[in-house]
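Visitor: Quick note on the UniProt record's numbering: the sequence shown kicks off at 1 and runs consecutively.
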Amino acid sequence: MEMKGLLPSIVTYNSLLRKLCEAGQMKDANNLLNEMSDKKIEPDNVTCNTLINAYCKIGDMESAWKFRNKMLEGGLVQDQFTYKALIHGFCKTREMDKAKELLFETIS
């Protein structure tokens with residue numbers, strides 16, 4: 001793409017991130033996120049939710065929560081996909097208090 005003068009957009013990066021996350025290649029996904037940063041392409045909700053969901057699926061709730069915090073610090077807002085991924089992740093890791101807290105946050 002780039003050799004033909006076409007620059008990747010956030011949609012392109014989100015597609016690549018999704019596939020890397022689905023394949024469990026979190027290190028490569030984070031490298032791609034760094035590349036986005038280098039090119040001044042800001043993550044959007046899709047970017048953040050993709051990574052949060054991937055971390056939740058592998059039970060790495062610490063990384064999922066850290067990324068959620070970065071998402072909020074960047075001015076993005078949690079949506080239904082963010083909550084769903086985090087609630088499922090905390091249930092999976094048997095952190096029921098955190099899951100309940102998030103659930104109540106979604107209905108209030």
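The beta-carbon is built from N, C-alpha and C at its ideal position, and this holds for glycine as well.
Owing to the predicted nature of the structure, the values given are computational and were not obtained by experimental measurement.
So is I52 buried or exposed if we call it buried at 16+ other beta carbons inside 10 Å?
Guide: buried
Visitor: Buried or exposed: where does I107 fall if 16 or more other Cβ atoms within 10 Å of its Cβ makes it buried?
Guide: exposed
Visitor: Can you list, in chain order, the residues of its chain whose CB lies under 7 angstroms from that of Y83, leaving out five sequence neighbours each side?
Guide: L102, T106
Visitor: How should N69 be labelled, buried or exposed, when 16 other C-beta atoms within 10 angstroms of its C-beta is the threshold for buried?
Guide: exposed
Visitor: Taking the continuous alpha helix (DSSP H) assigned at E105, which residues delimit it?
Guide: 96-107
Visitor: For L20 and Y13, what's the separation of their Cα atoms in angstroms?
Guide: 10 angstroms
Visitor: Would you grab the beta carbon distance between N49 and F81 for me? Rounded to a whole angstrom, and I think it's under 8 angstroms.
Guide: The Cβ separation is near 4 angstroms, so the contact holds.
Visitor: Can you give me the C-alpha to C-alpha distance between E73 and I87, rounded to a whole angstrom?
Guide: The straight-line gap separating the alpha-carbon atoms of E73 and I87 is approximately 20 angstroms.
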